[in-house]
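These protein sequence lines map, in sequence, to chains A and B.
Going by the working numbering, the first sequence opens with residue 2, and the numbers climb by one from there.
Going by the working numbering, the second sequence opens with residue 1413, and the numbers climb by one from there.
For each residue, glycine too, the CB sits at the ideal point set by N, CA and C.
Read the structure below first, then the notes.
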Amino acid sequence: MEQTKVILADNEIPRQWYNILSDMPTPMCPPLHPGTGKPVGPEDLAPVFPMNLIEQEVATDRWIDIPEPVLEKYLLWRPTPLCRARNFEKLLGAPVKIYYKYEGASPPGSHKPNTAIAQAYYNKAFGIKRLSTETGAGQWGSALSMACAMFGLECRVFMVRISYEQKPYRRLMMATWGTECIPSPSDRTQAGRKILSENPDSPGSLGIAISEAIEDAVGNKDSRYSLGSVLNHVLLHQTVIGLEAQKQLAQIGVYPDVVMGCAGGGSNFAGISLPFVRDKIHGKKTSIVAAEPASCPTLTRGPFAYDFGDTAMTTPLLAMHTLGHDFLPEPIHAGGLRYHGMAPIVSHLVKEGIVEPRAYDQIETFTAGVKWARSEGVIPAPETNHVIAAVVQEAERAKQEGKEKTILFNFSGHGIIDLSAYDAFLSGKLVQHKLTDEEIARALKSIEGFPKP
Amino acid sequence: MMSSELSKTGEGIWMRCPRLGGEAPLTYCMQEAGDLPCHRIIFCWQPFFPVEAYLRKTLSPQKWEKFADRKPKEKIASLLELIEESKSKVDA
Chain A
2 MEQTKVILAD NEIPRQWYNI LSDMPTPMCP PLHPGTGKPV GPEDLAPVFP MNLIEQEVAT
62 DRWIDIPEPV LEKYLLWRPT PLCRARNFEK LLGAPVKIYY KYEGASPPGS HKPNTAIAQA
122 YYNKAFGIKR LSTETGAGQW GSALSMACAM FGLECRVFMV RISYEQKPYR RLMMATWGTE
182 CIPSPSDRTQ AGRKILSENP DSPGSLGIAI SEAIEDAVGN KDSRYSLGSV LNHVLLHQTV
242 IGLEAQKQLA QIGVYPDVVM GCAGGGSNFA GISLPFVRDK IHGKKTSIVA AEPASCPTLT
302 RGPFAYDFGD TAMTTPLLAM HTLGHDFLPE PIHAGGLRYH GMAPIVSHLV KEGIVEPRAY
362 DQIETFTAGV KWARSEGVIP APETNHVIAA VVQEAERAKQ EGKEKTILFN FSGHGIIDLS
422 AYDAFLSGKL VQHKLTDEEI ARALKSIEGF PKP
Chain B
1413 MMSSELSKTG EGIWMRCPRL GGEAPLTYCM QEAGDLPCHR IIFCWQPFFP VEAYLRKTLS
1473 PQKWEKFADR KPKEKIASLL ELIEESKSKV DA
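Encoded structure:
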């Protein structure tokens, strides 16, 4: 019988997180305070984060001990299995071995609790009683809710109203874990009340929800704010994924040629890849690929790309689009990764040429995800579909090159609570072709009567 | 327009929003930044219809300039701005 899973025993769980900042080939620019222009200091962040997490945010130690109470909670679902996707390999018919870390094994079904648990613990240790955060579709909100419940913290989640109405199951998960999930904009904050006074029917936005969550934290000395991606300490906590994977692969004598993760804010990508990035910095020949979302179907228009020169993200996005929106680049292109939600660590690694970004459109990602579900069984989270699309592409390349490859990727979460996304895809509701004049007219008609920007 | 109604508009032309982690109609993207469209709207929608031309036509010149000149901020910088805003609200 062929081996499909590599399981670590509880006592083999990594005891430390890995901090990439200690191995960066070039230093990262420190973030500057927009008001003073000076490097951000701990006191600037103290209103929203506890000092123990701020210390981690700027830490340069290579290894940081995982506290015992965090390990105890991790053990509820960690170490996660490393699996070989033999059925998917057969389906692709390419000379590839595909391994994946199954992060859907966590109670909320994603990698997010790896940092939620740690953040809840550090806030509790600092004497904080309540955490607030924002959430879009609810993946982060549900992870933090569970973590807060485990450490006896109150939790308040501002959920973008359009998602609050579309995604009842995530908010019900939050409620079950004892969280107060509030549709944003709300009347709980000045930021929310201002929006509601101008537009009582506002569907909200991530920006509004963040404003509300921060105001909620700043206004109460026993409260702090929690962020599920982007920041250094979040990526640090996620490295437990890649560290486990290294141990598991070592047990079967395998080292990957390609390491892949989907990159929204960068945390799950960093989680699987940073320990391997360390190896690459020290000489290993491994490709590290970040799969990110694009919207353009490759079959109809070719990928939509823009240059990656401005990693400091100081150039207005639109200027690039205005210059480049008619530009049709080569089929496999460098992705964006530059919208402000991307982790600076990941952006820096891209700039250094250590990480290769690739972008995949929504139709190609769902197509890959459905193939996965029909061969491996688990229905992937829509975000996870991006990396599965990248795996499909990598397998195709291996076939064309006639070269054997071992691929490792992070299966960041299952999609059981996101089936409405699959409904949108399977029913053809997700836009997937250049719209006809009639469709454009209908789209614009839907904006009639809407508050004009 | 109620947001629940909003979610029903634009049948057949939804987009998966990478920021939200869910599906959103064009109407949402048009007002994601309050009085301005989402900064990703052209990146997301241009391949499917000429949204840039549409925005140039429908936004006032001032709004268009504001939209076009927006510089995405690093996360830490935007957090610090929000902290300062929140502190001033709480202190007021």
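Residues Trp78 and Pro114 of the same chain have their beta carbon placed closer than 7 Å to that of A:Ser107, with the five preceding and five following residues left out of the count.
Assigned with DSSP and collapsed to three states, A:Ser288 falls in strand. At least 8 Å separates the beta-carbon of A:Ala391 from that of A:Val235. A straight-line Cα-Cα distance of about 17 Å links A:Ser198 and A:Ile183. Here A:Ala251 is exposed, its C-beta having fewer than 16 other C-beta atoms within 10 Å.
Neighbours of A:Ala425 in chain B, taken as residues at a C-beta separation under 7 Å, are given in chain order as Trp1426 and Glu1435. At a beta-carbon threshold of 9 Å, none of the residues of chain B lie near A:Ser146; the nearest stands roughly 16 Å away. Taking a 10 Å sphere around the C-beta of A:Arg16, we find fewer than 16 other C-beta atoms and assign the residue as exposed. In this structure, A:Phe410 is the residue among A:Ile55, A:Glu439 and A:Phe410 with its C-alpha nearest to the C-alpha of A:His112. The three-state secondary structure of A:Val97, taken from DSSP, is strand. When only Cα atoms are considered, A:Thr81 and A:Gly208 end up about 33 Å apart. For A:Gly243, the secondary structure class from DSSP, reduced to helix, strand or coil, is helix. Put simply, the segment 223-235 of chain A does not touch the segment 164-175 of chain A. Fewer than three CB pairs are less than 8 Å apart. Looking from the CA of A:Gly105, the closest CA among A:Ser133, A:Gln140, A:Lys125 and A:Leu9 belongs to A:Gln140. Under the three-state reduction of DSSP, A:Cys30 is assigned to coil, being neither helix nor strand. Residues of chain A with a Cβ closer than 7 Å to the Cβ of B:Lys1499 are, in chain order, Pro48 and Val219.
For the C-beta of A:Glu181, not a single chain B residue is nearer than 7 Å; the gap to the nearest is close to 19 Å.
Within chain A, the residues whose beta carbon sits less than 7 Å from that of B:Pro1430 are Gly265 and Pro294, listed in sequence order. Each residue's CA atom was taken as its position, placing A:Ile118 and A:Met147 some 8 Å apart. Closest option to A:Thr134, judged by alpha-carbon separation, among A:Leu228, A:Asn200 and A:Leu72: A:Leu228. Under the three-pair Cβ rule at 8 Å, the segment 209-228 of chain A does not count as touching the segment 243-263 of chain A. At a cut-off of 8 Å between beta-carbon atoms, A:Leu33 makes contact with chain B. At a cut-off of 8 Å between beta carbons, B:Lys1469 makes no contact with chain A. If you look at A:Val393, you'll find it in the alpha helix (DSSP H) that goes Pro383 to Glu402. Runs of the alpha helix (DSSP H) spanning 4 or more residues and lying entirely within the segment 187-271 of chain A occur at 191-199, 207-219, 233-239 and 241-252, in chain order.
Chain-order list of chain B residues neighbouring A:Gly36: Leu1492, Glu1493 and Glu1496, by C-beta distance under 9 Å.
The alpha-carbon of A:Gln191 is positioned some 22 Å away from that of A:Asp45. With respect to chain A, the C-beta atom of B:Ala1489 has a partner C-beta closer than 8 Å. A residue is called buried once 16 or more other Cβ atoms fall within 10 Å of its Cβ, and A:Thr437, having fewer, is exposed. The beta carbon of A:Val356 is closer than 6 Å to those of Ile289, Ala291 and Leu350 in its chain, skipping five residues each way along the sequence. Assignment of beta-bridge partners to A:Arg131 by DSSP yields A:Glu155 and A:Ser224. Beta-bridge partners of A:Ser111 (DSSP): A:Gly414. Residue range Gln363 to Glu377 is occupied by the alpha helix (DSSP H) that includes A:Trp373. A:Gln4 sits in coil when the DSSP states are folded into three classes, being neither helix nor strand. Judged by DSSP in its simplified three-state form, B:Trp1476 adopts helix.
Boundaries of the beta strand (DSSP E) around B:Trp1426: Trp1426 to Cys1429.
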